[in-house]
Amino acid sequence: MAYSEKNFRESKQLSPSHIESEILQIWNQHQTFEQSIAIREGKNNFVFYEGPPSANGMPGIHHVMARTIKDLVCRYKSLKGFQVERKGGWDTHGLPIELQVEKKLGITKKDIGSKISIAEYNKECREEVMKFKNVWDDLTQKMGYWVDLNNPYVTFENYYIESIWSLLKKLYQKDYLYKGLRIQPFSPAAGTGLSSHELNMPGCYKNVKDVSAVAQFKVKESEHPQFSLLSEKTNGEDFYILAWTTTPWTLPSNTALAIGNKINYLLVKTINPYTHIPVNIILAKDLLGKYLKAENENKDFSLYQNDGKNLPYQILSEFRGSDITGLLYEQLLPYAQPEEGDAFRVIAGDFVTTEDGTGIVHIAPSFGADDMRVAQENGIGSLTLVDRQGKFIDIVTDFAGEPVKEAYLSDEEKEQAKQKQGRDKYLSVDERIVIKLKTENKCFKSEKYEHSYPHCWRTDKPILYYPLDSWFIRVTAAKERMVELNKTINWKPKSTGEGRFGQWLENLVDWNLSRSRYWGTPLPIWRTEDGEEEICIGSIAELKSELSKAQAAGVMGDIDLSEKNLDLHKPFVDDVILVSSKGKAMRRESDLIDVWFDSGAMPYAQWHYPFENEEIFKKSFPADFIAEGVDQTRGWFYTLHAIAVMLYDSVAYKNVMSNGLVLDKNGNKMSKRLGNAVDPFITINKYGADATRWYMISNSQPWDNLKFDIEGLEEVQRKLFSTLHNTYAFFAIYANLDQFKLSQDQIPIHQRPEIDRWIISCLHSLIQEVESAFDDYEPTKAARAIQEFVNDQLSNWYVRLSRRRFWKTEDPQDKIAAYQTLHTALTTISQLMSPIAPFYSDWLYRSLIQAQDNNSASVHLTDFPIAKTERIDKDLEAKMNIAQQLSSLILSLRKRENIKVRQPLAKVLIPIIDSQQEEMVAAVQNLILSEVNIKTIEFVRDTTGIVSKKVKPNFKLLGKKLGAKMKEASNAILEMNAEDINHLETQKTFDLQLSDINYTLLLEEVEIQTEDIAGWLVASDKGWTVALDITLTEELKNEGYARELVNKIQTQRKENDYQVSDRIEIKILNHNIAEKALKAFTDYICNETLADNLLFVSHIDELKTYELNDLEIIMEIKKK
RNA sequence: AGUCUCGUAGCUCAGUUGGUUAGAGUACUACACUGAUAAUGUAGGGGUCCCCGGUUCAAAUCCGGGCGGGACUACCA
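Our numbering applies: residue 123 is where the first sequence begins, and numbers increase by one.
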């Protein structure tokens, strides 16, 4: 439908997909997005950072959620006069891309370097990562997300990597970068560390049976006060601490034992089941029953059968874990001692429980992350008696060269080992260690134990936790500043910032940057082989100059440095050999860095800062606003913060919103596997981006999880968009018919009728509300307020009650006032809703201002409406509220008595308490009367007792004053009779007799309600009461017929498809009663139905019967 | 296991500094209305405010302890 000159565009049916594609075209044609930035040139800027998505997967509906939030905030700020640049970006590195490439090529990591060169592999990654870029771009367009996709930052580009290098170098210079050890999942079979992601791949955890052992650690004599105490209990005999393990191969590397401070332990005298030697053991009280049967307590030791069963025992002492921390013990398997740190001491571990084992945990710091942490905290050293192949080193003489896990041996090797052991069955290291312990009286129990253990997803062999070299960022050094600066960030919701993020910061560990992969940003550190000299490269220029030094020194040959072949990825960087100051060759540390560093570096790297764009960077750091899913708390939100704090002593963002997940309608996580994932394209095509966006924003707070239900979307469409569209369509039809001109002078507000001033007052209240909601980053509140206004106030009250003013009014000024008021309201709504529903709002706006196709006007180029407090009349709003309430009450009475609204009634009685109440109702009485079709309102101020009243205490007021007497007072008030109430109303006070005091009750401390009026039809609610006179006089009855007839004629006109302005004539077949009844209303009927005449005739061509209440007539209407 | 979050009608959600008949929309049922009609009005049914304790004259609301859903992080001697 084309725009016709100076007309409001008419559109009966709301078709979101047409509107949206039309608006998209206009935006593209007129570059509306670019304009929205250009027109704010020189204004304050509002800085937004785009968290880069990865284009190697299809976008899902949750992306629509996150991007709606980003978009609406930016659009809002833009309306508020800020210049809001939105540079897009792509996250392009990382493991998922590598895995995808491997899947595509049918290779594994093992094949890299053999079947495929690193260069070819990375080339594949580079292509794969942008596989779905077009799909993403399409979604971006269709959902109405305004972001600059023409100049996005791309994390694999040299300029981006160069910026990252410069950041790393700054960290290096500040001594924030170091090489250290970290216990990581490690696959000896594959010879590589694994990420937690790889451990979480399905099938990695398998149930396996291992040999477990409870080892006896002999307590060593020491100055520890508990030693002598316990020693006394055993009469000077040795005593042992029991600790359980499912990995006996770690026992030679044991350096500590961990207890729980609050756990209760026992010292027990019993017998070792293998050696049958009496022993004194320490274990957790709760776990005693696992090892010793209660019935054998205090049994005679001499009755023991030397069979390992029915071990007699005797409890010698009980104490808390905290009592024995610091006790020393003898090393269990003394192959080697740690070079650094203390060892063989009892320490406290917060992770120790009494669920399993003995309540005492054997600590081998090299083979457990918890172990390492607790050991470091206690200054305990470590032993790593296993090499990277998973084999014992030579120093472990008994098992030298043997793999700690049976699974690492091939069948052949196992056979050989069996021969060597000289047994008919191969015994694992674990098993032989246990045997050794048993014979040495160092094992109290051993059994097969089934547990789930992680396996390498590539080799299917068990993994080990192993200390690996890694590069770390010393974030712990900046922890306090990070915590401090975090407090200045406005988090939405607050709890994520204080709670999840705050907690995370409080428990920081150094950031492990290293990743042993191929497709990612290389760590720019070159080291000599002995590790004594190293250099951190911070720019391409520096690399080149170091390179020429190396070439001059002869450690490095020729290399192609031309722009087109320079690629800061592997393998190029690995081919570069630099020279140290002492002339030694330096090779690059082979790691890549964590991709999270890539994204955390975007404030700088997106501008290739510090190499370029210093001005732009300075004015766009830190960000005013960022938003992502709550799952980014420890991801992007953290890395942005960490880098900014460490390098710039600044926050990276001032406001941050973390949105929840989008779940399916049953609250389950969406996944392709379950088939419950919602395709955003289908949803948007069918319901429109606006409805989708509106639904997501209005349904629940962004940070709550959203249960995505299509029915909710349909509801939004029906309740909001259809209603709004109908309202506009109504306006357009009559405005065009009446030739309403936008150029007409505005009628001053104070000259407009009550209802206009009311809706304008509501509108300005709404502006205030929406503005403060958006300012507070509470879009849900804004959406709900707009929705309520459109539905309840504008459509269901203002338009409904004003309808007649638009199509028949004698007063042209009144008509113009109505058009202007509705036009203003609709235009303002289009602006208020535009951040959330960018398409329809723009369509509506353009229609309202009669924009032509070639006109670039857009709601997104306007200024946000200003709430004018002088237009807000709370008093009037309250009055209208009363009108709505009273109308509703009267309608419910009509309903109860089955009197249709078309039947006029004479009178309604409204009891009031004072003249103020009367005034309020009087101000809106005409509206009420016409709405409910009643002739007059009569106010009664009752003192006669006809009106029966009920009094209810105001608990809030009285409770504060009376406290404990409240209950009694409440009862007393409820018992007040009519006389008492009357007294209270007229005298404003009443003496309340309570058991021990008198209380002078004030009028405002109670609520008085009318309950009933003798002989009337009464309804009441919220303090208001109405009484209806339902007597029908002859005249009222006749008017009822007339109204009924008008209704029938209107319906018939519609059925006949007449235009709203067509004139008709009405013929009714002679009918005495009807003629008499309708006589007085002929003019009224003709007027209402645009009839030239109403004739009673003796003949009618087409016989059609109509029911007028209890009459039946035959009537024909014809277009003239 | 830790951290965070949610739990109110069949469903989606409100519920102010604690204040007494716990609300709205939706869905359902019935009856109306109909020159805005995929709308609207009125009425009806529908509640263990997750549970248990505590504080208080008074708890959906505050405190303690649980339970359940979800997310993230770490891990299992």
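A virtual CB, placed ideally from N, CA and C, is assigned to each residue, including glycine.
Please read all numbers here as calculations on a predicted model, not as lab measurements.
Could you tell me which residues DSSP puts in a beta bridge with residue i?
{"i": "Thr392", "result": "Val401"}
{"i": "Asn383", "result": "Bridge partners of Asn383: none, in fact."}
{"i": "Phe1112", "result": "Leu1123"}
{"i": "Val330", "result": "His573"}
{"i": "Glu1238", "result": "Lys1189"}
{"i": "Thr230", "result": "Per DSSP, none; premise fails for Thr230."}
{"i": "Gln436", "result": "Lys391"}
{"i": "His484", "result": "Leu379"}
{"i": "Ile595", "result": "Leu299 and Trp633"}
{"i": "Leu1150", "result": "Val1030 and Leu1139"}
For residue i, I'd like the list of residues in its chain whose CB is within less than 7 Å of its CB, leaving aside the five on either flank, ordered along the chain.
{"i": "Val556", "result": "Val333, Ala335, Pro370, Cys565 and Ser568"}
{"i": "Gln427", "result": "none"}
{"i": "Leu454", "result": "Ala337, Phe339, Leu373, Asn376 and Lys564"}
{"i": "Gly109", "result": "Any property of residue 109 remains undetermined from this structure, which presents the chain solely from 123 to 1242."}
{"i": "His215", "result": "Thr277, Phe278, Trp641, Gly642, Thr643, Val717 and Asp720"}
{"i": "Lys741", "result": "Asn167"}
To the nearest angstrom, how far is it from the Cα of residue i to the Cα of residue j?
{"i": "Tyr587", "j": "Val597", "result": "24 Å"}
{"i": "Tyr281", "j": "Ala727", "result": "7 Å"}
{"i": "Pro1033", "j": "Ile1135", "result": "9 Å"}
{"i": "Ile141", "j": "Asp897", "result": "29 Å"}
{"i": "Met604", "j": "Asp492", "result": "25 Å"}
{"i": "Asn807", "j": "Ser143", "result": "10 Å"}
{"i": "Gln205", "j": "Tyr275", "result": "20 Å"}
{"i": "Ser684", "j": "Leu293", "result": "29 Å"}
{"i": "Arg637", "j": "Gln348", "result": "47 Å"}
{"i": "Gln625", "j": "Gly512", "result": "36 Å"}
{"i": "Leu948", "j": "Leu835", "result": "22 Å"}
{"i": "Asp259", "j": "Thr902", "result": "27 Å"}
{"i": "His1193", "j": "Pro1026", "result": "23 Å"}
{"i": "Val518", "j": "Arg510", "result": "15 Å"}
{"i": "Leu289", "j": "Glu910", "result": "50 Å"}
{"i": "Pro824", "j": "Leu769", "result": "32 Å"}
{"i": "Asp1113", "j": "Asn1020", "result": "45 Å"}
{"i": "Thr814", "j": "Ser822", "result": "13 Å"}
Residues in the same chain with beta-carbon distance under 6 Å from residue i, minus the five sequence neighbours each way, listed in chain order, please.
{"i": "Pro1075", "result": "Ser1092, Ile1095 and Val1128"}
{"i": "Asp1232", "result": "none"}
{"i": "Gln1047", "result": "Ile1059"}
With distances taken Cα to Cα, identify the nearest neighbour of residue i among the options.
{"i": "Val341", "options": "Ala378, Thr372, Pro310 and Thr368", "result": "Ala378"}
{"i": "Tyr548", "options": "Leu559, Glu562, Lys527 and Thr561", "result": "Lys527"}
{"i": "Leu409", "options": "Gly463, Leu433 and Asp478", "result": "Asp478"}
{"i": "Ile1152", "options": "Glu246, Ala1028, Pro957 and Leu1123", "result": "Ala1028"}
{"i": "Asp689", "options": "Lys990, Arg248, Ser702 and Glu654", "result": "Arg248"}
{"i": "Met1098", "options": "Thr1108, Lys1083, Met1088 and Lys1071", "result": "Lys1071"}
{"i": "Ala188", "options": "Ile804, Met724, Arg926 and Asn827", "result": "Asn827"}
{"i": "Ala904", "options": "Gln890, Met708 and Phe759", "result": "Gln890"}
{"i": "Arg208", "options": "Asp270, Met252 and Val251", "result": "Asp270"}
{"i": "Leu635", "options": "Lys1078, Ala764 and Leu700", "result": "Ala764"}
{"i": "Ala799", "options": "Ser139, Ile183 and Glu172", "result": "Ile183"}
Ignore the nearest five residues each way along the sequence and tell me which others in residue i's own chain have a CB closer than 8 Å to its CB.
{"i": "Val1023", "result": "Leu1013, Arg1016, Val1054 and Asn1055"}
{"i": "Asn563", "result": "Gln338, Asn394, Tyr396, Thr397, Ile399 and Val401"}
As an exercise, report each continuous alpha helix (DSSP H) stretch of at least 4 residues that is fully enclosed by the segment 156-214, in chain order.
183-201
Alpha helix (DSSP H) runs contained entirely in the segment 600-650, provided each spans 4 or more residues:
601-608 and 624-628
Could you pull out every unbroken alpha helix (DSSP H) segment of at least 4 residues lying fully inside the segment 935-1012, listed in chain order?
960-970
Ignoring anything shorter than 3 residues or poking outside the segment 730-785, list the beta strand (DSSP E) runs there in chain order.
745-751 and 775-781
Please go through the segment 442-475 and give each complete alpha helix (DSSP H) segment of 4 or more residues, from N-terminal end onward.
443-446
Within the segment 1056-1109, note down every full beta strand (DSSP E) run reaching 3 residues or more, in order along the chain.
The segment 1056-1109 contains these whole beta strand (DSSP E) runs: 1056-1062 and 1069-1075.
Of all the alpha helix (DSSP H) runs that stay within the bounds of the segment 240-295, which reach a length of 4 or more residues?
Qualifying alpha helix (DSSP H) stretches, in chain order: 240-250, 255-264 and 280-295.
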